[in-house]
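Please read the structure below before turning to the comments.
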Amino acid sequence: MKTQPLALNALLCVGALLAPVFLASCREAPERQAQIRFGLFPNVTHVQGLVARHFSRTGEGWFEKRIFERTGKNISILWYAYNAGPGAMEAMFANSLDFTYVGPGPAINAYSKSNGTLLQIVAGAVQGGSGLVVPTHSGACTQKDFQGKIIATPQLGNTQDIACRTWLALGGVTVTQTGGDASILPTPNPEQIPLLRQGKLDGSWTVEPWISRLEKEAGGKLLFLEKDAVTTVLTAQKDFLEKQPDVAQAMIEAHRELTLWIIGHPQEAQKIVVEELRELTRSSIDPALIIHAWPRLILTNEISEEKLHELAKDTVRTGFYKKLPHVEGIIRNDKNNPAHE
1303 MKTQPLALNA
1313 LLCVGALLAP
1323 VFLASCREAP
1333 ERQAQIRFGL
1343 FPNVTHVQGL
1353 VARHFSRTGE
1363 GWFEKRIFER
1373 TGKNISILWY
1383 AYNAGPGAME
1393 AMFANSLDFT
1403 YVGPGPAINA
1413 YSKSNGTLLQ
1423 IVAGAVQGGS
1433 GLVVPTHSGA
1443 CTQKDFQGKI
1453 IATPQLGNTQ
1463 DIACRTWLAL
1473 GGVTVTQTGG
1483 DASILPTPNP
1493 EQIPLLRQGK
1503 LDGSWTVEPW
1513 ISRLEKEAGG
1523 KLLFLEKDAV
1533 TTVLTAQKDF
1543 LEKQPDVAQA
1553 MIEAHRELTL
1563 WIIGHPQEAQ
1573 KIVVEELREL
1583 TRSSIDPALI
1593 IHAWPRLILT
1603 NEISEEKLHE
1613 LAKDTVRTGF
1623 YKKLPHVEGI
1633 IRNDKNNPAH
1643 E
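Numbering (this note's numbering), first residue to last: 1303 to 1643.
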């Protein structure tokens, strides 16, 4: 009868000895892997995002490896695809993204609306690769030729939408968000191809690879190419920059290195872009299409502050703002790796 309490006491003693070991092992277990939520668009003008996503998806982890090398932190990247900038900025406002590649127009809009508290531009990415495509039989040459016509843009208020409205306005063609001398029809890029082919559009102002696809698949011709336009920048949540400065800096440096790698390895990068666009769009992408679009891009880590101010003025000219939006401080001033010219 007395052996049971002794056995129980023994178990309690053993348990008491093991408990600190168990608790210690829990405390010493590695922390749960952190995650960075990253946005991009299925466009060639988001080439850094496409290449980095490929490395994440195939286990190579361009950003992940370099963040670990610089900070010792294991961080995974969660990739989210958007059609255009306003959608990505909505995700930023909802605190669903930490970083995203995006056009400068929506970034300026989000920065101004948040009074400079939401995000900052931390690096350049791509210039050029955007412009106006018209049907092959179109006789349009100047802005006046688009009076009474319909032009598609990827999304209301995105960078190409602002550029299109600005170009028309500079040529004396009045365009408002509800009407005007010409109609601007916000249309997702994939839907623009059949619409142009069917003669339901008189033009499309978009980015690569959609320009090349409109040329090759919808019988379009390139009327106007924005060769030096700031098309894509890298933005980050300001809260993330302040709370995790080491990780943010490692990410920015990794982006810069990736840009240089792509410039030095164009053929390998083009193959990756083809694969990622196929995976994201669930449609066939002809490698020749990417080769055709590639020379229209200028990959750069630099940001032209002057061009951002010009774009801010364009948002007023096109009616998105009544007064000049706030852009002071939108570019992160990193003394070690200046992100602006």
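A virtual CB, placed ideally from N, CA and C, is assigned to each residue, including glycine. None of the values given here were measured: they were computed from a predicted structure.
Residue i, enclosing beta strand (DSSP E) - first and last residue
i	result
residue 1430	1421–1430
residue 1576	Per DSSP, residue 1576 belongs to no beta strand (DSSP E); it is in the alpha helix (DSSP H), 1568–1583.
residue 1398	It is not in any beta strand (DSSP E) - residue 1398 carries neither H nor E in the DSSP assignment.
residue 1370	No beta strand (DSSP E) contains residue 1370, which is instead part of the alpha helix (DSSP H) from 1364–1373.
residue 1488	1485–1488
residue 1539	1532–1539
residue 1522	1522–1528
residue 1357	Counting along the chain, residue 1357 falls outside any beta strand (DSSP E), though it belongs to the alpha helix (DSSP H) covering 1349–1359.
residue 1377	1377–1383
First through last residue of the alpha helix (DSSP H) which encompasses residue i
i	result
residue 1546	Unbroken run through residue 1546: none, as it is neither H nor E.
residue 1467	1461–1472
residue 1617	1607–1619
residue 1623	Counting along the chain, residue 1623 falls outside any alpha helix (DSSP H), and DSSP gives it neither H nor E.
residue 1499	1491–1499
Neighbourhood of residue i by C-beta, 6 Å cutoff - its chain only, sequence neighbours within 5 removed
i	result
residue 1337	1378 and 1380
residue 1525	1434 and 1436
residue 1528	1432 and 1433
residue 1548	1373
residue 1390	1341, 1384, 1402 and 1404
Pairwise C-alpha distance: residue j and residue i
i	j	result
residue 1634	residue 1603	13 Å
residue 1489	residue 1607	29 Å
residue 1630	residue 1439	45 Å
residue 1466	residue 1358	35 Å
residue 1519	residue 1351	25 Å
residue 1544	residue 1375	17 Å
residue 1610	residue 1507	19 Å
residue 1704	residue 1517	The chain is shown from 1303 up to 1643; residue 1704 falls before or after that span and cannot be answered.
residue 1497	residue 1503	6 Å
residue 1584	residue 1511	15 Å
residue 1476	residue 1579	36 Å
residue 1505	residue 1538	33 Å
residue 1567	residue 1560	10 Å
residue 1618	residue 1530	21 Å
residue 1600	residue 1349	11 Å
residue 1307	residue 1367	In this predicted model, residue 1307 has a pLDDT of only 38, less than 50, meaning its place in the structure is not dependable enough to derive any value.
residue 1652	residue 1586	Nothing can be reported for residue 1652, as the shown portion of the chain is limited to 1303 through 1643.
residue 1394	residue 1419	11 Å
residue 1447	residue 1555	46 Å
residue 1443	residue 1594	23 Å
Whether residue i touches residue j by CB criterion (7 Å)
i	j	result
residue 1414	residue 1627	yes
residue 1452	residue 1487	yes
residue 1460	residue 1386	yes
residue 1343	residue 1382	no
residue 1494	residue 1470	no
residue 1536	residue 1425	yes
residue 1339	residue 1421	no
residue 1369	residue 1550	no
residue 1483	residue 1449	yes
residue 1613	residue 1388	no
Cβ shell of residue i (< 7 Å), same chain only, five flanking positions each side left out
i	result
residue 1509	1345, 1347, 1431, 1432, 1462 and 1533
residue 1363	1357
residue 1616	1464 and 1468
residue 1515	1495 and 1591
residue 1582	1344 and 1383
residue 1521	1437, 1438 and 1499
Residue i classed as buried or exposed, judged by whether at least 16 other C-beta atoms fall within 10 angstroms
i	result
residue 1624	exposed
residue 1356	buried
residue 1541	exposed
residue 1557	buried
residue 1455	buried
residue 1564	buried
residue 1411	buried
residue 1474	exposed
residue 1632	buried
residue 1457	buried
residue 1546	buried
residue 1478	exposed
residue 1620	buried
residue 1491	buried
Own chain partners of residue i with C-beta closer than 8 Å, once the 5 adjacent residues on each side are dropped
i	result
residue 1501	1437
residue 1665	As shown, the chain starts at 1303 and ends at 1643. That puts residue 1665 outside it, with no answer to give.
residue 1409	1387, 1391, 1421, 1423, 1535, 1537 and 1632
residue 1523	1435, 1436, 1437, 1438, 1440 and 1517
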